[in-house]
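>
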Amino acid sequence: MSEATSSRLLELLTLLQTRRDWVGDELARRLEVSGRTIRRDVERLRRLGYPVESLTGPAGGYRLRAGSAMPPLLLDDEEAIAIAVGLRTAARASVAGIEESAVRALVKLEQVLPAHLRRRVGALGSATFTLPATGPTVDPQHLTAIAAACRDSECLRFAYQRRDGTRSRREVEPHSLLNYGRRWYLVAWDRRREDWRTFRIDRLAGPASTGVRFKARTLPAKDAAAFVQTSITSAPNRYEAVVILHAPISAIGRRVPERRGSLEPIGSERCEYRTGDDDLSWLALRVASIGVDFEVREPPELRAHLAALASRLHDAARGERRA
108 MSEATSSRLL ELLTLLQTRR DWVGDELARR LEVSGRTIRR DVERLRRLGY PVESLTGPAG
168 GYRLRAGSAM PPLLLDDEEA IAIAVGLRTA ARASVAGIEE SAVRALVKLE QVLPAHLRRR
228 VGALGSATFT LPATGPTVDP QHLTAIAAAC RDSECLRFAY QRRDGTRSRR EVEPHSLLNY
288 GRRWYLVAWD RRREDWRTFR IDRLAGPAST GVRFKARTLP AKDAAAFVQT SITSAPNRYE
348 AVVILHAPIS AIGRRVPERR GSLEPIGSER CEYRTGDDDL SWLALRVASI GVDFEVREPP
408 ELRAHLAALA SRLHDAARGE RRA
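As structure tokens, then:
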């Protein structure tokens with residue numbers, strides 16, 4: 108087998124590993140060879156033990172079957188580093204039960220990395236630190252099932268519980284997964300509601316592909332991150348607060364993240380802060396943490412929570428402990 112043929116086989120195998128199904132003509136265009144050459148190369152891979160299946164249909168195609176006899180993945184240097192860094196991060200991520208598995212996989216990967224890559228991965232690991240995850244975690248099998256449906260443009264069904272406890276069954280056209288603010292989200296087109304939706308992964312159960320393919324729609328945002336951020340900030344809260352801050356907007360603009368509310372100037376020395384939350388205690392803490400004098404316009408219940416917070420802080424400053 109010539110060097111050129113060997114190189115082409117490796118490139119063909121790499122392509123087959125990146126996507127579930129490939130049309131033969133598309134593989135031929137990618138590798139700049141004829142369809143006949145692709146068929147011969149597929150036969151060579153099969154003789155080498157790679158489980159390449161032929162797909163029926165007008166255009167035909169190929170699929171690399173998964174299974175216990177699956178050959179090792181082919182990774183370039185940057186892909187190997189990305190996986191190693193990802194595994195280190197996953198060891199402290201918000202995915203339930205993945206920590207130990209990530210460490211075991213990282214040990215296996217680093218054992219086979221060339222020396223120069225081990226040094227790069229080691230340097231990254233020693234120079235970075237990920238804070239431990241807090242709050243709800245997600246099932247890794249849910250993530251892989253959803254990611255596969257996104258990749259293959261297959262409709263997805265699952266049970267979902269909204270923030271208010273309402274339960275429903277959903278059928279969606281999944282667009283993308285996103286990790287944002289220590290939470291995992293699915294961006295998808297809801298087929299029954301005929302609109303785009305954002306779903307928190309820790310609130311869904313039993314995600315499964317329906318096997319129905321769909322044509323990808325255009326997301327009404329720059330990207331999935333922008334869509335999720337807009338969805339979070341525009342979602343209705345149980346409590347909406349209006350607070351007058353006694354400071355110019357130029358002095359406190361950086362203290363208020365966009366996803367936590369909006370600021371409007373009132374003259375040159377004051378501004379109006381609008382923010383919301385489902386928990387008045389968190390709302391009180393958020394307003395107080397800005398660090399300037401303020402007046403609460405609404406809701407009136409917020410004042411009681413601010414008073415309770417002030418009392419606890421006063422006792423702590425005096426070194427007193429409540430019974």
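Read in the working numbering, the sequence shown has 217 at position 110, and its numbers run on one by one without any break.
The C-beta atom is built at its ideal place from N, Cα and C for all residues, glycine as well.
The model shown is predicted, which means the values in this text are computed figures rather than measured ones.
1) Cα-Cα, which of P165, L390, P281 is closest to T382?
2) What runs of the beta strand (DSSP E), each 3 residues or longer, lie entirely inside the segment 326-352?
3) What is the DSSP secondary structure of E376, reduced to helix, strand or coil?
4) Would you decide whether L311 is buried or exposed? Buried here means 16 or more other CB atoms lie within 10 Å of its CB.
5) Note down the Cα distance separating V399 from G374, rounded to an integer number of angstroms.
6) Using the beta-carbon count (16 or more within 10 Å), is S175 buried or exposed?
7) Going by DSSP, which residues form a beta bridge with E278?
8) Below 8 Å CB to CB, which residues in the same chain sit around R269 once its five sequence neighbours on both sides are set aside?
9) G142 by DSSP, collapsed to three states: which one?
10) Please list, in chain order, all residues of the same chain as A395 whose beta carbon is under 7 Å from its beta carbon, the five residues on each side excluded.
11) Below 8 Å on the Cβ atoms is my contact criterion, and I expect L152 with I145 to pass it. Report the Cβ-Cβ distance as a whole number of Å.
12) Taking the continuous alpha helix (DSSP H) assigned at D271, which residues delimit it?
13) To which residues of the same chain is T163 closer than 8 Å at the C-beta, ignoring the five residues directly before and after it?
14) Starting from A354, trace the beta strand (DSSP E) both ways and give me its first and last residue.
15) Report yes or no: do three or more beta-carbon pairs, one from the segment 320-329 and one from the segment 259-266, lie closer than 8 Å?
16) Let's see if you can read the secondary structure: which residues bound the alpha helix (DSSP H) around A295?
17) Got a sec, what are the start and stop residues for the beta strand (DSSP E) D302 sits in?
18) Can the beta-carbon of A348 be found less than 8 Å from the beta-carbon of L409?
19) How many whole angstroms separate the CB atoms of R292 and T273, which I take to be in contact at a CB cut-off of 8 Å?
20) Would you report the Cα separation of R227 and L326, rounded to the nearest angstrom?
21) Nearest by alpha-carbon distance to E371: which of D385, D386, V350 is it?
According to the structure data:
1) Considering only P165, L390, P281, the residue with the shortest C-alpha distance to T382 is L390.
2) Those beta strand (DSSP E) runs which fall completely within the segment 326-352 and span 3+ residues are 346-352.
3) Three-state result, E376: coil.
4) L311 is buried by the Cβ-count criterion.
5) As the crow flies, the alpha-carbon of V399 is around 16 Å from that of G374.
6) Its pLDDT being 43, under 50, S175 is placed unreliably by the model, and the measurement read from it follows with that caveat. Burial check for S175: the Cβ neighbour count within 10 Å stays below 16, so the residue is exposed.
7) Its beta-bridge partners are R264.
8) Residues of the same chain with a CB within less than 8 Å of the CB of R269, apart from the 5 flanking positions on each side, are S275, R310 in chain order.
9) Of the three classes helix, strand and coil, the one that applies to G142 here is helix, per DSSP.
10) Its chain contains L413, L416 as the residues whose beta carbon lies nearer than 7 Å to that of A395, once the 5 sequence neighbours on both sides are disregarded; these appear in chain order.
11) About 10 Å; that fails the 8 Å criterion.
12) Looking at the DSSP string, D271 is not in any alpha helix (DSSP H), and its letter there is neither H nor E.
13) If we look at T163 and ignore the five residues flanking it on each side, it has no Cβ neighbours.
14) Neither: A354 is in no beta strand (DSSP E) and is coded neither H nor E.
15) These segments touch.
16) Run containing A295: none in the alpha helix (DSSP H); it sits in the beta strand (DSSP E), 290-297.
17) Counting along the chain, the beta strand (DSSP E) containing D302 begins and ends at 302-307.
18) Contact flag set, yes.
19) The sequence as given places Tyr at residue 292; Arg does not occur at that position. Their Cβ separation, rounded to whole angstroms, is 18 Å, which puts Y292 and T273 out of contact at 8 Å.
20) Cα to Cα, R227 sits roughly 37 Å from L326.
21) It is V350.
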